[in-house]
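**Q** If you scroll down you'll find the structure; I have some questions about it.
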Amino acid sequence: MSKQYRKKRGERARPRNRTAKSQPAGFRSTDAVQHDPAAGDGVVVNGYSERWLRRGFPWVYREEVVGRTGRFAPGHVVSIRSRDGAVLGTGIWDNAHVEVRRFRNDIGPVGSQLLSKRVAAAKNRRPLDADTTAWRWVHGENDELPGVRADMWGDHLGVCLDSPSLVPLLEPLLQAFADHASDLKSVWLSYRISDGDASRFEGLPSGLVWGEAADAPIEVLERGIKVAVEPWLGHDVGLYCDMRELRAWMEPHWRGKRVLNTFAHTGMFSVVAAKHGAREVVSVDLSERYLARARANFELNRIDTSRHIFDSRDTFKVLDARRRRGDQFDVVIADPPSFSHSKDGRWSAKTDFPRLVAASLRVLAPGGWLIVASNQGKVSPKEFLQQIQQGAHKARRPLRLLHEASTPVDFPAALDFPESRYLKAWVLAG
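So in numbering that gives the first Met the number 0, spot 217 of the sequence shown is number 216, and the numbers just go up one at a time.
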């Protein structure tokens, strides 16, 4: 299977627009659409929602709203109150399952001053080295900007919104980013679109919304390793920065190893392994386009590609063929997409992950390491463990946990927002 159809936490890119703009355009400012929360326009929530809001949870679900005062549409700024009238905050209203995203705990505007302060604070919380130029500037709810994610790719910014209701914030948001990044060259906009929800995003601005379009892939750094990215592809930029901590932890352990990287995507794990002394790296992905990008990343880092293999066959076919040949690898990487499909079939991490673990273990050398990862927030660590155990039992290979990776500093996880702790990335010894 390929990561070509990968759905990263439900995120999909809008069609690419390569027309350069000198300033944000095509959407209304916040002030043009907001109601006055101080006048009483807002929602009343039940006791369960009130308890979670008081703890710091930033969402109000539709079923938790027991009353509405005023008439408003998606994008309006509304107050949030308890049944007894206590103020619980101010947020952006949406006609969706998440009805309100709370931006502040009191009653007040959600505009330029607030957004600029939050954007600046988010940047100050990210003490990244100069040898890393690909990083997440805003991580949504965890940076008090619910529904907003922003990634820096060198001098280029990619912004992703979870809901059309957040579009009215674009003008002050983009101004805030520009104010705190003087060398910004372009801003690309995409949306996180769930299945069956695409119609809500029709007609919204997307693609290039500020600056000039790049003529070629942009070269960025992760801990000194070069990688080519394409911000105009939305979620398919070419690098998943949330795996940086695991790649960093593995750096001292690659030398002399024979590595199999399944679902290799654009090959970042493969490049890091080869750059840090791996004897041979086999990168497998059904997408020839991804493997071409992986090969280009090898060449960017002056790695001799003739010493390594790029295989565009189905992962399970490769694993079976390698097993039949008696091949064994010191490290096997299994970081599959949540869901994908191809002419060879469908892949679902929920049902197929144990089979992938078993097949990977059958080509893992005794004492070798299996790296497994899942970005599915709906899969709990307990369920993830059970999936791995099922695969290990099927392959009759006992496993030991060596390292449990966390997200890096630019992917913080608010303690009162459980949804932020989505990543499971383990190094297992077999």
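For glycine and all other residues, C-beta sits at the position ideal for the given N, C-alpha and C.
Around the C-beta of K122, are 16 or more other C-beta atoms found within 10 angstroms, so that it is buried, or is it exposed?
**A** Label assigned to K122: buried.
**Q** For V208 and L188, which I take to be in contact (beta-carbon distance under 8 Å), what is that distance rounded to the nearest angstrom?
**A** About 5 Å separates the two Cβ atoms, so the contact holds.
**Q** Using DSSP with H/G/I as helix, E/B as strand and the rest coil, what is Q3?
**A** Summary for Q3: the model assigns pLDDT 33, below 50, so the residue's position carries little reliability; its value from the coordinates is reported in the next sentence. Helix.
**Q** Around the Cβ of S21, are there at least 16 other Cβ atoms within 10 angstroms (buried) or fewer (exposed)?
**A** Since pLDDT at S21 reaches only 45, below the 50 mark, its modelled position is unreliable, and no value is offered.
**Q** Taking all protein chains shown into account, do 16 or more other C-beta atoms lie within 10 angstroms of the C-beta of N94, making it buried, or fewer, making it exposed?
**A** Classification for N94: exposed.
**Q** Where does L422 fall in DSSP's three states?
**A** Three-state result, L422: coil.
**Q** Work out the CA separation of A149 and H307 for me, nearest whole Å.
**A** So the alpha carbons of these two residues sit roughly 34 Å apart.
**Q** I need the straight-line Cα distance from N141 to Q112, nearest angstrom please.
**A** Each residue's Cα considered, the two are about 19 Å apart.
**Q** Which same chain residues end up closer than 8 Å to V236 when comparing Cβ atoms and leaving out the 5 residues on each side of it in sequence?
**A** So the qualifying residues of the chain are D150, W152, G157, V228, E229, P230.
**Q** What separation, rounded to the nearest whole angstrom, lies between the Cα atoms of V408 and D196?
**A** Approximately 31 Å between the Cα atoms of the pair.
**Q** Between S119 and S185, what straight-line distance do the alpha-carbon atoms span, to the nearest angstrom?
**A** A quick correction: the sequence has Ala, not Ser, at residue 119. When rounded, the distance between both Cα atoms is 19 Å.
**Q** Assuming L363 contacts L355 under a Cβ cut-off of 8 Å, what Cβ separation, rounded to an integer in Å, is found between them?
**A** In fact, because the Cβ distance is near 12 Å, the residues do not count as touching under 8 Å.
**Q** Taking N260 as part of the beta strand (DSSP E), name the residues at either end of that continuous run.
**A** Per DSSP, N260 belongs to the beta strand (DSSP E) from 257-261.
**Q** What's the C-alpha gap between K393 and G366?
**A** Cα to Cα, K393 sits roughly 18 Å from G366.
**Q** Would you please state the rounded distance, in angstroms, between the beta carbons of D105 and V76? I believe it to be under 8 Å.
**A** Rounded, the Cβ-Cβ distance is 13 Å, inconsistent with contact.
**Q** Can you give me the Cβ contacts of W92 inside the same chain, cut-off strictly under 6 Å, excluding the 5 residues immediately before and after it?
**A** Closer than 6 Å at Cβ, skipping near neighbours: F71, H75, V77, V99.
**Q** Between which two residues does the alpha helix (DSSP H) containing R53 stretch?
**A** R53 -> alpha helix (DSSP H) spans 46-54.
**Q** Alpha carbon to alpha carbon, how far is R399 from I217? Give it in angstroms, no decimals.
**A** Straight-line Cα distance between these residues: approximately 39 Å.
**Q** Could you tell me the alpha carbon to alpha carbon distance between T261 and A424, rounded to whole angstroms?
**A** The straight-line gap from Cα to Cα measures roughly 15 Å.
**Q** Let's test the definition: count the other Cβ atoms within 10 Å of the Cβ of P336 and tell me whether it reaches 16, buried, or not, exposed.
**A** With 16 or more other Cβ atoms within 10 Å, it is buried.
**Q** Pull up the distance between the alpha-carbon of L52 and that of S81, whole angstroms please.
**A** Rounded to whole angstroms, L52 to S81 spans 10 Å at the Cα level.
**Q** Can you give me the start and stop residues for the alpha helix (DSSP H) that A392 sits inside?
**A** The identity of residue 392 in the sequence shown is His, whereas the question assumes Ala. That run of the alpha helix (DSSP H) goes 380-394.
**Q** Measure the alpha-carbon distance for F416 versus F56 and round it to whole angstroms.
**A** The alpha-carbon atoms of F416 and F56 are separated by roughly 6 Å.
**Q** Under the assumption that I332 contacts V270 (Cβ atoms under 8 Å), give the Cβ distance between them as a whole number of angstroms.
**A** About 12 Å separates the two Cβ atoms, so there is no contact after all.
**Q** Would you kindly work out how many angstroms separate the C-alpha atoms of G202 and Y239, rounded to a whole number?
**A** When rounded, the distance between both Cα atoms is 28 Å.
**Q** Which residue's Cα is closest to the Cα of E279: T265, E287, F297?
**A** If we check each option's Cα against that of E279, F297 comes out closest.
**Q** Go ahead and pull the three-state DSSP assignment for D130.
**A** Three-state result, D130: coil.
**Q** If distances are taken between C-alpha atoms only, which option among D40, T89, D83 comes closest to V59?
**A** Nearest option by C-alpha distance: T89.
**Q** From the DSSP output, in three-state form, read off V454 for me.
**A** What is shown of the chain runs 0 to 429, which leaves residue 454 out entirely.
**Q** Enumerated in chain order, which unbroken segments of the beta strand (DSSP E) with a length of 3 residues or greater are wholly contained in the stretch 283-317?
**A** Segments of the beta strand (DSSP E) lying fully in the stretch 283-317: 308-310.
**Q** List in chain order: all unbroken alpha helix (DSSP H) runs of 4+ residues lying wholly within the stretch 221-260.
**A** Fully enclosed alpha helix (DSSP H) runs of 4 or longer: 243-249.
**Q** Does the count of Cβ pairs from the stretch 310-330 and the stretch 283-290 closer than 8 Å reach three?
**A** Contact holds: three or more Cβ-Cβ distances are below 8 Å.
**Q** Quick one, which of A372, G46, S359, F328 has its alpha-carbon nearest K349's?
**A** The shortest C-alpha separation from K349 is found at A372.
**Q** Count the other CB atoms within 10 Å of the CB of L114; is the residue buried (16 or more) or exposed (fewer)?
**A** Its Cβ being crowded by 16 or more others within 10 Å, L114 is buried.
**Q** Can you check which of these residues, S419, A129, A358, is closest to R323 by C-alpha distance?
**A** Looking at the Cα atoms, A358 is the closest of the given residues.
**Q** Would you tell me roughly how many angstroms separate the C-alpha atoms of T406 and E287, rounded to the nearest one?
**A** Approximately 29 Å, taken between the alpha carbons.
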